[in-house]
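Visitor:
Residue numbers (full-length UniProt numbering), protein chains in the order written: chain G, 1 to 679; chain R, 1 to 679.
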């Protein structure tokens, strides 16, 4: 089957950006060099970033006025394509143009744009995004760095009060960064107005730290060796007033603070909401790395043979083993599902941000919160999928998968931190859960440490699951299914209904338990500490978030299949969608059995159906990875570079030798079930 | 609670070896150096291996006559302790003294011992174990390297017929090895007698490859950078007749082949069975790495704080979060369970090998097969547990876990290949399954590629699960439980019975399906290819193996608790055992629900019981890792080296600043459920 139509379905709305990247991003510096030192990796990646800047392909997200494309979706897509090359380069680019440049663009005002954006885009001004501190990663509202205004000098005093307040894990800091967007508590006229951002020089033109600025190096990491992560400490550093990125909060020369958004928490989350693009990019980048790993593992599994069937001479290709298929194919199906979910997210993000930033429309708060929640959920799904799938691919490629030259070690080590940065996955699941529990009506970031649990009870009336893509299509499919029993498992409506039921039930259960705990909290006889009230149901709450993510991903896949016009591609995608849905349900069989949505007999049928889908999809494994259309020179996996015909030549030699002197261990007693030790 | 008694329970029969290691292995070269190059790592590890040899602590497994201890259990234990230091050193030592030295010792005869053992033990003769080929890892009976005898010269011709026959991934080959134990097909008088081993010089005294020997380098790997893995190719290399390691097969000067074991497959597996110690060592080493990772993660989780409860100023220690406990504690419980299972395995292996090698007893074939099966199962369990747990620990330590200086990156990268070498885990599970299916009666390594499936039907009569440790105790506990319903889940007998039931049921189901397929194979109307006959049930067969492993691990834990005399330690171990048993059952709730061994109501109770066990064990987390008794200087994790009191000092400073200018975001609206992007 021609993978071109499949590829078209996967490439989506910004296919032209993907095509351009495939055709034009071929700087050898963009690929990992196996065995290089950390210093060499950093140099190479900095060089590659500079080359990338010169290619003009880094301006997607910036305003046209400064040479950009004002194309948020294109910006994310270009990062996703970069993620097929050295992930250190993808992160370096993301820091420079996504986080640093993005913060100047979206939190700064005109004077900042005019002064700095062009140099940021050209990489003449390398910079950092200095938010995280050693002591505070997830709870950013509790940052300890302070920035205190002095009207006498009309400057701020930026200060790191102790070591845990040190900015840490900051990309572009240890070597290259000349300026940093620094997040700190804004204090003026004796009042703390919460976290804001300033543009602060950290190195002079000679590369030396500015006065009062101490720059440290995080040293070698598990991966991403080409990214110079470092630490920044500020010792009463003077920052001019106009270096406050003042789009959402301003300080007058006399120190008076003003903001168009009165509520501090709302202001803080509004500021940060503009930076959602980074989280969307991380999810999409994880997906690219996953696709590359699967590409390598599927091709390896087509070539690698071990153990012969009785009576056969030629050994069996490992992709023919059921258990090997069970490793690769459901992961491939989930990758396809996430591709469509990500495409939908990027599209939504693009439309929302374009409306606000390009057309000056008012922010639709609820749409913004849903977008952030969706971005969080898909960041979680794609990064955990990446780390687990790449691990599985390494093991599926045996010893060869352990050699750096076959790419998988870098993919694993580099993506490992993706489950932590841009939001720790566990904490992000809570963000998603909060959105579900409050129906996104809470725009203040509340459920404030669980104290105001009554707020939850008020906020949630009837649980109506918001359908996402192709609402009409989904509704039609689901309504066509009368119940959940006796419906064939390959009925799309049944699959959707199962995931909807699970999400609704989990959500209702979480709400019920939280309400119960909230009344218990104030019980005179059995008071429950507020912490315990929430902690007690934390696993249930996170489970709810995960069921939600599974459902919206399936809906996106269903929509993606529906939009596919080529009949052969559509048929294949249909089967892959079946595999995604059924393997997702199978993975949580316990829940469905426990809640009566599967009988024991149906549970057995489910496993058998998954196995028969594996058989059905086995012949299409190569087509499914071909459709990722990863250019051969991006793969940097020696195992894929074998000359054609070599395996056959060696097999012929083996047969000849066997004819000469016999097979050794007599035929019929070779077994796949014994593995000698020591190898 | 004083961890000393707990430690005693964990240290087991070779506690003296562990104590000696803790007290005396403090060569700084033994620890990873973060940021070193591959060349530096190799040099340091070779140096450390030499120092280790000089300490005299490498001879545990060798005969007393040559300076060894003839202590197989001590040998494995010493490797387990080494695995707390640089895992490259553990692998280097395992290759030199376990595989290379072990092969010379157990496959060679007196003249080989007298000529080489002392130099091997002193490291004056570094050597390799050259079994694996590029084309054949798991199916070692299909090695392609040949070794053909020529009576005219009384020498063998060792030859690599094509590139896939190249010895690959051979530790100690790329730099240091002077000789190799090479496995190849023995051909004499026109007949191939199967795989045998020869001792072959590969480098001369100046370090140059011997004539006809080509040595390649596998290059940088994902981890284990201190191990010089390489490739060996032989171009008609002349090997003197007396270099055949001829304990189990001999070639006379005229080329006549003789062996005390007539059947070739039996001979091959007997040879390799002697090397089971390597597989046992890998499992135990994985366990050590796991313990170190958990030690770091638990201590980190006791210090790291994020998000405050409502009304509180001090943030919450992350080990107090339910979901964080759910990550760490079940893994800790499983680590304890595996500790006792490994201890039992090592003890059995020691007794079996001592009886055979020291006291000259006949090999009890069934005991040997059970030992090999047990070694395979625990290798699988401990290595997958290591890789998954270390991954979880890295994520649980956030960004700090990603810095090499905090040890976790090395632990993850180094242990990653443990699921592949010494037997690919998936293939090993099949070995375990085969033992179950045939009741270990098959001593010939058959179920030969599934052809002789009738053999299975003959071999398996009634499925009686062999109980392992403390048979009387286990029987008593299980018999005390009348059924499976309505029995309290904290009843040990119920837990054991559940796992026994699952194993028995899975095994019976696998046999039933294999028999059914075997009749289908020869059906004239619906013939099933022999490959499909087995492939069709491969997932069920592997599942059966996993249920068996879970059961025998629980039995070992139960026995271990029973042997613990100190009351406080025993009580704590009891609770940990409960957590192991119940979290194991919970992880496979689907199976138990599907087969009626849990009702939906009981399934809910199960989760609630696990959660309450987490609460109960939370205060003991530090004690549980203290009991691993890992010396502080072995940990090499910067995050553990903080000065006491520093966190308190910084918290006091924070409180002071808060008093001065307010908390920033008003109290009561800080939430743990929002995570800003970009960090």
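Glycine residues also receive a C-beta, built at the ideal position from the N, C-alpha and C atoms.
Listed in chain order, which residues of the region 108-132 of chain G have Cβ atoms closer than 7 Å to some Cβ of chain R?
Guide: Taking 7 Å as the Cβ-Cβ cut-off against chain R, the residues of the region 108-132 of chain G that qualify are 129, 131, 132.
Visitor: Starting from the beta carbon of residue 316(G), find every residue of chain R whose beta carbon is closer than 8 Å, and list them in chain order.
Guide: The contacting residues are 531.
Visitor: Closer than 7 Å by beta-carbon distance: list the chain G residues that pair up with residue 217(R), in chain order.
Guide: Those do not exist, as residue 217(R) stays about 10 Å from chain G at its closest Cβ, beyond 7 Å.
Visitor: For the UniProt domain "Acyl-CoA oxidase C-terminal" (525-631) of chain R, list the alpha helix (DSSP H) runs that are entirely contained and at least 4 residues long, ordered along the chain.
Guide: Whole alpha helix (DSSP H) segments, 4+ residues: 530-535, 538-562, 567-587, 589-594, 600-617, 621-626.
Visitor: Nearest to residue 182(R) by alpha carbon, out of 150(R), 144(R), 207(R), 151(R)?
Guide: Residue 144(R) is the option with its Cα nearest to residue 182(R).
Visitor: Evaluate the contact criterion for the region 370-386 of chain R versus the region 282-298 of chain R: three or more CB pairs, one atom per stretch, below 8 Å.
Guide: Flag = yes, the region 370-386 of chain R and the region 282-298 of chain R touch.
Visitor: I need the straight-line Cα distance from residue 7(G) to residue 19(G), nearest angstrom please.
Guide: Taking the straight line joining both Cα atoms gives about 11 Å.
Visitor: Does the region 242-255 of chain G come into contact with the region 206-213 of chain G, if we say contact requires no fewer than three beta-carbon pairs (one atom in each stretch) closer than 8 Å?
Guide: Too few Cβ pairs lie closer than 8 Å, so no.
Visitor: Please list, in chain order, the chain R residues whose beta carbon lies closer than 7 Å to that of residue 513(G).
Guide: The premise fails here: residue 513(G) is roughly 11 Å from chain R at the closest Cβ pair, so nothing lies under 7 Å.
Visitor: Give me the Cα-Cα distance between residue 341(G) and residue 312(G), rounded to the nearest whole angstrom.
Guide: Taking the straight line from one Cα to the other gives about 44 Å.
Visitor: Once the 5 residues before and after residue 592(G) are set aside, which same chain residues still bring their CB inside 6 Å of it?
Guide: Within the same chain, residue 592(G) has close Cβ partners 598.
Visitor: Identify the residues that DSSP records as bridge partners of residue 24(R): which are they?
Guide: DSSP output for residue 24(R) lists no bridge partner at all.
Visitor: Using beta-carbon positions only, say whether residue 52(G) and residue 81(G) come within less than 9 Å of one another.
Guide: Taking 9 Å as the Cβ cut-off, residue 52(G) and residue 81(G) do not qualify as a contacting pair.
Visitor: I'd like to know if residue 603(G) contacts chain R, where contact means its C-beta is closer than 9 Å to some C-beta of that chain.
Guide: Cβ-Cβ to chain R under 9 Å: yes for residue 603(G).
Visitor: With H, G and I counted as helix, E and B as strand and the rest as coil, what does DSSP make of residue 196(G)?
Guide: Correct three-state label for residue 196(G): strand.
Visitor: Compare the Cα-Cα distances from residue 616(G) to each of 320(G), 177(G), 491(G) and report the closest residue.
Guide: Taking only the C-alpha atoms, the option nearest residue 616(G) is 320(G).
Visitor: Along the region 400-431 of chain G, where does the CB come closer than 8 Å to a CB of chain R? Name the residues.
Guide: For the region 400-431 of chain G, which is checked against every Cβ of chain R, the residues closer than 8 Å are 401, 402, 403, 404, 405, 408, 409, 412, 413, 416, 417, 419, 420, 421, 422, 423, 424, 425, 426, 427, 428, 430, 431.
Visitor: What is the DSSP secondary structure of residue 30(G), counted as helix, strand or coil?
Guide: Helix at residue 30(G).
Visitor: Rounded to a whole number of angstroms, what is the C-alpha to C-alpha distance between residue 329(R) and residue 279(R)?
Guide: Distance between the alpha carbons of residue 329(R) and residue 279(R): 27 Å.
Visitor: Residue ranges of each beta strand (DSSP E) run of no fewer than 3 residues wholly in the region 59-139 of chain G, ordered along the chain?
Guide: For the region 59-139 of chain G, whole beta strand (DSSP E) runs of length 3 or above, ordered along the chain, are 127-130.
Visitor: Would you mind stating whether residue 590(G) and residue 588(R) have Cβ atoms separated by less than 9 Å?
Guide: Going by C-beta atoms, residue 590(G) is nearer than 9 Å to residue 588(R).
Visitor: Give me the chain G residues within the contact set of residue 38(R), using Cβ-Cβ distance strictly less than 7 Å, ordered along the chain.
Guide: The contacting residues are 35.
Visitor: Select from the region 137-153 of chain G all residues with a C-beta closer than 9 Å to any C-beta belonging to chain R, and list them in chain order.
Guide: Within the region 137-153 of chain G, the residues whose Cβ lies closer than 9 Å to some Cβ of chain R are 137, 138, 139, 140, 141, 142, 143, 144, 146, 148, listed in chain order.
Visitor: What residue range does the beta strand (DSSP E) around residue 186(R) cover?
Guide: That run of the beta strand (DSSP E) goes 179-188.
Visitor: Which stretch, first to last residue, makes up the beta strand (DSSP E) that contains residue 167(R)?
Guide: Residues 167-170.
Visitor: Relative to chain G, which residues along the region 207-240 of chain R have a C-beta separation below 7 Å, given in chain order?
Guide: From the region 207-240 of chain R, only 218, 219, 220, 221, 222 have a Cβ closer than 7 Å to chain G.
Visitor: Verify the CB distance criterion: does residue 164(G) have a CB-CB separation below 9 Å to chain B?
Guide: Of the protein chains in this structure, namely G and R, none is chain B.
Visitor: Under a three-way DSSP split, which group does residue 248(G) fall into?
Guide: Residue 248(G) falls in the coil class under three-state DSSP.
Visitor: Could you tell me whether the region 488-496 of chain R touches the region 510-523 of chain R, where touching means 3 or more Cβ pairs closer than 8 Å?
Guide: No, the region 488-496 of chain R does not touch the region 510-523 of chain R.
Visitor: Just how far apart, CA to CA, sit residue 446(G) and residue 559(R)?
Guide: In this predicted model, residue 446(G) has a pLDDT of only 39, less than 50, meaning its place in the structure is not dependable; the value taken from the coordinates is given anyway. Cα to Cα, residue 446(G) sits roughly 51 Å from residue 559(R).
Visitor: From what residue to what residue does the alpha helix (DSSP H) around residue 216(G) run?
Guide: Per DSSP, residue 216(G) belongs to no alpha helix (DSSP H); it is in the beta strand (DSSP E), 213-217.
Visitor: Following the continuous alpha helix (DSSP H) through residue 323(R), name the residue where it begins and the one where it ends.
Guide: Here the alpha helix (DSSP H) through residue 323(R) covers 322-353.
Visitor: How far does the beta strand (DSSP E) with residue 305(R) in it extend, from its first residue to its last?
Guide: Unbroken beta strand (DSSP E) run through residue 305(R): 305-308.
Visitor: Given this structure, state the Cα-to-Cα distance separating residue 168(G) from residue 650(R), to the nearest angstrom.
Guide: Approximately 17 Å, taken between the alpha carbons.
Visitor: At the 9 Å Cβ level, is residue 398(G) part of the contact set with chain R, yes or no?
Guide: True, the Cβ-Cβ gap to chain R drops below 9 Å.
Visitor: Within 9 Å of any Cβ in chain R, is that where the Cβ of residue 307(G) sits?
Guide: With 9 Å as the cut-off, residue 307(G) counts as an interface residue toward chain R.
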